[in-house]
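Shown next, in structure tokens, is the structure this report addresses.
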Amino acid sequence: MPSRSYSAKTLRCGLGARVLSISMVWALELIAITVWLDTRELTQGRFLALLGDWGPGILRALVTTAAVCLALAYTRFEKLPPLGDAPISRSFLTAHVVAMSVFGYLSYPLFHHSHATILQLNLAAAGWLIAGLVAIPLSVFILIPPRFCREVARDSGSIFLLAIPTGLAALYLGQLGQVLWRPSAGLTFRIVHVLLDTVAQGVVADPAKLVIGTAAFRIAISSTCSGLEGAGLMLVFTVAWICYCRGEYRRPHIFVLIPASISLMWLLNAVRIAALIMIGNAGAPAVALGGFHSQAGWIAFNASALGFVFAASRIQWLKAAGHEAVPAPAFDNLAAAYLMPFLVILASAMVCRSLSGDFEWLYPLRFLTAGAALWCFRDQYRLLDWRISWFAPLIGLTVFLLWIGLDFLASSSAGSSIPTALYAMPPWARTFWLSGRIGAAVITVPIAEELAFRGFLLRRLVQTQFDAVDPHIVTWVPVLISSLIFGVLHGNRFGAGAAAGFLYAAAYARRGRIGDAVLAHAVTNALLAGWVIFSGAWGMW
Amino acid sequence: MTKLSVLILLLTASAAFAGAPPPAVPEIDPGVGVSAVALLSGGLMLLRSRRKS
């Protein structure tokens, strides 16, 4: 993996990539906020009640209007002068982080029990709303300069005025679309019935109540499991992808893949429900209604979405002139060496969780699959700098103390089913599970995550040819973004995860050695494993 | 015509988002969305970088 020096003072990417990056930041922030607050009730008060009742609708109307604005102004954007090397704006990034921090800080009293008066809460709600709304344009200006936005607004003229009623109409049409939920559930019910009839005997079905299953295990197909949700998500994804890569595909030929992907997603949802019934019928209702139910929908969506992109890249008939179809074999590129072990861990985690109830008894499989992925790319890893320095264990220890401290302050460790499940296992199985869990934490996860986040993402945020970026001179903006994404992946330990990502990036950038980042991460995880086992804090796993 | 098709599809996609009610037991569980979106993003990066290599 050759490296050459590169100075990162500008950001070389076009408008499409910048809009996509902003969308990704929004999506990550939205997911973090949703995971944190969505299950909690907004404290009630006059202004707060208004927000609670109308807020979600107004938010959907805003997002819809923005999407319609982009669609209507699409032709104008192509005529604008290129953004060229406009750099990432540090001042707007700082302002956005401040606005989001205020938003997060004020969220706490609004969504948690508070002794504040109604007046104080209403003032906090007003500040919360202003901070949230201000954060949106600030995030845009990080990558798209205000001067460019003014040009777009001026050139687009009355399009934006037209977009507002169109966006509201789309909102109304979307609500009308809810009448489709019941017939959709009926169609899915019939497909599931056909699937079950081919693989099981004694199928019990009640079309009036949409209840289906066997004598031992049956379920009701609710509206939200009808397949419409996945189909809508697939529609959004495929259209967004075609817009993003519009120059590469022949139109209208590429549109053929949209109904094909949606149909595949619908069929996979029916397969998901049939499989869920079969798992429950086989005597594992906790697995069927637990891990499998929550994971299988995403597995189906990822399979359909990646299948769509793969097919679009492989079929020459869909490619525009000058864009050749990608030949097999796959994954022979440098990015795969950095990303594949981490993606294998994510994929195997989804599969393992989908086959588990409360306790993830297949966890050692994550260790084995990640080890296999690392083994496949061993020749490329030999070219990396695996030397280590004295400060790496020090950073690992610092992250461990930080992790424990923040966990203590935030009381983020929930109860765990691990000790009960381990106690019920025979000794050999307990030893095997713990060995796999510790092996993953100390060996495969540090290597895979450091390759993905520090080796790839940190440098990929600087430029497309990431291997040419010298980690010594990476600026703090990519460090911050990659650390925030690393934090988001740690769920309710977002703060500790982001801080850990920042410190591991510092370990990597200090001497430009991936070995330092891996060692620091491994030390943290080894200390955490010891802490969990010897203190009984199983909720931290 | 092509641009109109893209526009209609985007409008429909927006409508699909706009009308989505909060599900109690969803087909797409937001609680596990972060890992799934990370996996999808990584997969897309791999496919795109393969095309460019």
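Chains F and A supply the protein sequences, listed in that same order.
Taking the working numbering, I'd label the letters of the first sequence as residues 14 to 554.
Taking the working numbering, I'd label the letters of the second sequence as residues 4 to 56.
Ideal Cβ positions, reconstructed from N, Cα and C, are used throughout, including at glycine.
Mind checking which residues open and close the beta strand (DSSP E) that includes residue i?
i, result
"residue 226 (chain F)", "224-226"
"residue 593 (chain F)", "Residue numbering for chain F in the displayed model covers 14 to 554; residue 593 (chain F) lies beyond these limits and cannot be assessed."
"residue 217 (chain F)", "217-219"
What three-state label does DSSP hand residue i in the structure shown?
i, result
"residue 517 (chain F)", "helix"
"residue 28 (chain F)", "helix"
"residue 185 (chain F)", "helix"
"residue 262 (chain F)", "strand"
"residue 20 (chain A)", "With a pLDDT of only 48 at residue 20 (chain A), under the threshold of 50, the placement of this residue in the model should not be trusted; the figure read from the coordinates follows. Residue 20 (chain A) falls in the helix class under three-state DSSP."
"residue 343 (chain F)", "Reliability of the predicted coordinates at residue 343 (chain F) is poor, the pLDDT of 47 falling under 50, and no value is obtained from them."
Quick check on the DSSP output: the alpha helix (DSSP H) that includes residue i runs from which residue to which?
i, result
"residue 103 (chain F)", "103-124"
"residue 458 (chain F)", "458-462"
"residue 192 (chain F)", "Looking at the DSSP string, residue 192 (chain F) is not in any alpha helix (DSSP H), and its letter there is neither H nor E."
"residue 306 (chain F)", "306-327"
"residue 242 (chain F)", "241-257"
"residue 635 (chain F)", "Outside the shown range of chain F, which is 14 to 554, sits residue 635 (chain F), and nothing can be said about it."
"residue 496 (chain F)", "489-501"
"residue 389 (chain F)", "377-389"
"residue 549 (chain F)", "Note, residue 549 (chain F): premise wrong, no alpha helix (DSSP H); not H, not E."
"residue 282 (chain F)", "270-294"
"residue 370 (chain F)", "Residue 370 (chain F) -> no alpha helix (DSSP H), and no H or E assigned at all."
"residue 504 (chain F)", "Segment: none, residue 504 (chain F) is in no alpha helix (DSSP H) and carries neither H nor E."
"residue 432 (chain F)", "431-437"
"residue 443 (chain F)", "440-452"
Got a sec: does the ligand MG put a non-hydrogen atom nearer than 7 Å to the Cβ of residue i?
i, result
"residue 373 (chain F)", "What this structure holds is no ligand at all, so the ligand MG is not there to describe."
Cβ atoms of residue j and residue i: under 8 Å apart, would you say?
i, j, result
"residue 500 (chain F)", "residue 511 (chain F)", "yes"
"residue 351 (chain F)", "residue 468 (chain F)", "yes"
"residue 180 (chain F)", "residue 251 (chain F)", "no"
"residue 240 (chain F)", "residue 283 (chain F)", "yes"
"residue 360 (chain F)", "residue 453 (chain F)", "no"
"residue 408 (chain F)", "residue 533 (chain F)", "yes"
"residue 392 (chain F)", "residue 509 (chain F)", "no"
"residue 156 (chain F)", "residue 34 (chain F)", "yes"
"residue 314 (chain F)", "residue 243 (chain F)", "yes"
"residue 325 (chain F)", "residue 270 (chain F)", "yes"
"residue 226 (chain F)", "residue 212 (chain F)", "no"
"residue 102 (chain F)", "residue 161 (chain F)", "no"
"residue 538 (chain F)", "residue 459 (chain F)", "yes"
"residue 201 (chain F)", "residue 143 (chain F)", "no"
"residue 513 (chain F)", "residue 364 (chain F)", "no"
"residue 380 (chain F)", "residue 431 (chain F)", "no"
"residue 483 (chain F)", "residue 401 (chain F)", "no"
"residue 196 (chain F)", "residue 99 (chain F)", "no"
"residue 294 (chain F)", "residue 230 (chain F)", "yes"
"residue 228 (chain F)", "residue 82 (chain F)", "no"
"residue 498 (chain F)", "residue 516 (chain F)", "no"
So with CB distances below 8 Å, who are the chain A contacts of residue i?
i, result
"residue 323 (chain F)", "50"
"residue 40 (chain F)", "40"
"residue 319 (chain F)", "43, 46, 47 and 50"
"residue 352 (chain F)", "45, 48 and 49"
"residue 315 (chain F)", "39, 42, 43 and 46"
Interface residues of chain A around residue i at Cβ under 9 Å?
i, result
"residue 311 (chain F)", "31, 32, 35, 36, 38, 39, 40, 42 and 43"
"residue 205 (chain F)", "None at all; the shortest Cβ gap to chain A is about 13 Å."
"residue 200 (chain F)", "Residues of chain A passing the Cβ test: none, with the nearest at roughly 14 Å."
"residue 505 (chain F)", "Chain A residues near residue 505 (chain F): none, gap ~11 Å exceeds 9 Å."
"residue 538 (chain F)", "Neighbours of residue 538 (chain F) on chain A: none; closest Cβ ~18 Å, over 9 Å."
Which residues in chain A sit within 7 Å of residue i, going by Cβ to Cβ distance?
i, result
"residue 349 (chain F)", "49"
- Message: Please identify, using Cβ separations under 8 Å, the residues of the region 355-376 of chain F that lie next to chain A, in order along the chain.
- Response: Cβ contacts with chain A come from 355, 356, 359, 360, 362, 363 and 366.
- Query: Along the region 488-503 of chain F, what residues have a CB closer than 7 Å to any CB found in chain A?
  - Reply: Here the close residues are 501 and 502.
- Task: Would you list, in chain order, the members of the region 277-304 of chain F that have their beta-carbon closer than 7 Å to a beta-carbon of chain A?
- Result: Listed by position along the chain: 282.
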